[in-house]
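Colleague: Numbering-wise, my numbering puts 43 at position 43 of the sequence shown, and it's gapless, one number per residue.
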Amino acid sequence: MRLTLAKVCIFILLPIIIFTKDIYKESSLIDLMFENIAYALLFVAAVGRIWTAAWISGNKGKRLVVDGPYALVRHPLYLFSAIGFVGAGLAFESLMLAAAFLAVFLVSHYPTMIREEQFLIQNFGIEAQDYLSQRNRLWPRFHFPMGAEEGQVNLRIYSRAVLDALLIGLIFLAAHTLEWLHLKGLIPVLFYLY
Numbered sequence: 001m002r003l004t005l006a007k008v009c010i011f012i013l014l015p016i017i018i019f020t021k022d023i024y025k026e027s028s029l030i031d032l033m034f035e036n037i038a039y040a041l042l043f044v045a046a047v048g049r050i051w052t053a054a055w056i057s058g059n060k061g062k063r064l065v066v067d068g069p070y071a072l073v074r075h076p077l078y079l080f081s082a083i084g085f086v087g088a089g090l091a092f093e094s095l096m097l098a099a100a101f102l103a104v105f106l107v108s109h110y111p112t113m114i115r116e117e118q119f120l121i122q123n124f125g126i127e128a129q130d131y132l133s134q135r136n137r138l139w140p141r142f143h144f145p146m147g148a149e150e151g152q153v154n155l156r157i158y159s160r161a162v163l164d165a166l167l168i169g170l171i172f173l174a175a176h177t178l179e180w181l182h183l184k185g186l187i188p189v190l191f192y193l194y
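1) For T52, count neighbouring C-beta atoms within 10 Å of its own C-beta (all shown protein chains included) and say buried if the count is 16 or more, exposed if not.
2) Quick check: the Cα distance between R85 and I50, rounded to an integer number of angstroms?
3) Excluding the five sequence neighbours on either side, which residues of its own chain have a C-beta within less than 6 Å of the C-beta of P140, listed in chain order?
4) With a threshold of 16 other CB atoms inside 10 Å of the CB of W180, please say whether the residue is buried or exposed.
5) Using a Cβ-Cβ cut-off of 6 Å (strictly less than) and excluding sequence neighbours within five positions of V66, which residues of its own chain qualify?
6) Is the CB of L190 under 9 Å away from at least one CB in chain C?
7) Is the beta carbon of A197 less than 9 Å from the beta carbon of A148?
8) Going by alpha carbons, who is nearest to V44 out of F142, L102, P188 and S81?
9) Please list the terminal residues of the continuous beta strand (DSSP E) segment that includes F191.
10) Would you kindly work out how many angstroms separate the C-alpha atoms of L178 and Y158, rounded to a whole number?
11) Where does K21 sit, in a helix, a strand or coil, going by DSSP?
12) What is the rounded straight-line gap between the Cα of G89 and the Cα of I168?
13) Using the Cα positions of L102 and C9, report the straight-line distance between them to the nearest angstrom.
14) Spatial neighbours of Y192 within its chain, please: CB distance less than 8 Å, with the 5 preceding and 5 following residues excluded, ordered by chain position.
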């Protein structure tokens, strides 16, 4: 449900994405800052989702995972997704698109977070309540957990996470291809965004 809703919302935003351009001068410092921050956020999102998949794959619903990225925050997969959504908006060099993408993320993913927390409480009881009381939903605790040295990984789920990470990287390329098409006049710019 969350992925379908996110895709529908992005589809609705597509004309804005395609026919708008940022107001910043090409090759300016702010242009470079947008590009670097966007790339960094997309990179963190991709690597974070792979890291999370390594810890949860094969364990989801079977045991309460509290180590690795789950020691930082209740929903690390969604945290890294949120970072990716913001990075995607910034890849188009627009604060407004970054805010719109973050809103899409919250509308599409927040209800799922609540349902997953209820599932944990129903299935893992007091252990889950303790875990949830010690972790924020999306804002990480700032320490680096080591966790277990070894574990079992579902390779199908992990491979899917790697593929998703590769697709996240394509967002940056798509944004810059669109920028080039705007600069060459091949796609019209109908309005400008901050």
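For every residue, glycine included, the Cβ atom is placed at its ideal position computed from N, Cα and C. Bear in mind that the values here come from a model prediction, so they are computed numbers and not experimental data.
Modeller: Taking the geometry as given:
1) So T52 ends up on the buried side.
2) One point to set straight first is that residue 85 is Phe, not Arg, in the sequence displayed. So the alpha carbons of these two residues sit roughly 16 Å apart.
3) L72 and V73
4) exposed
5) The residues are Y131.
6) Absent from the structure: chain C. Only one protein chain is present.
7) Outside the shown range of the chain (1 to 194) lies residue 197, about which nothing can therefore be said.
8) S81
9) F191 to L193 is the span of the beta strand (DSSP E), which, as asked, contains F191.
10) 31 Å
11) strand
12) Using only the alpha carbons, I get a separation of about 12 Å.
13) 11 Å
14) T20, K21, D22 and I23
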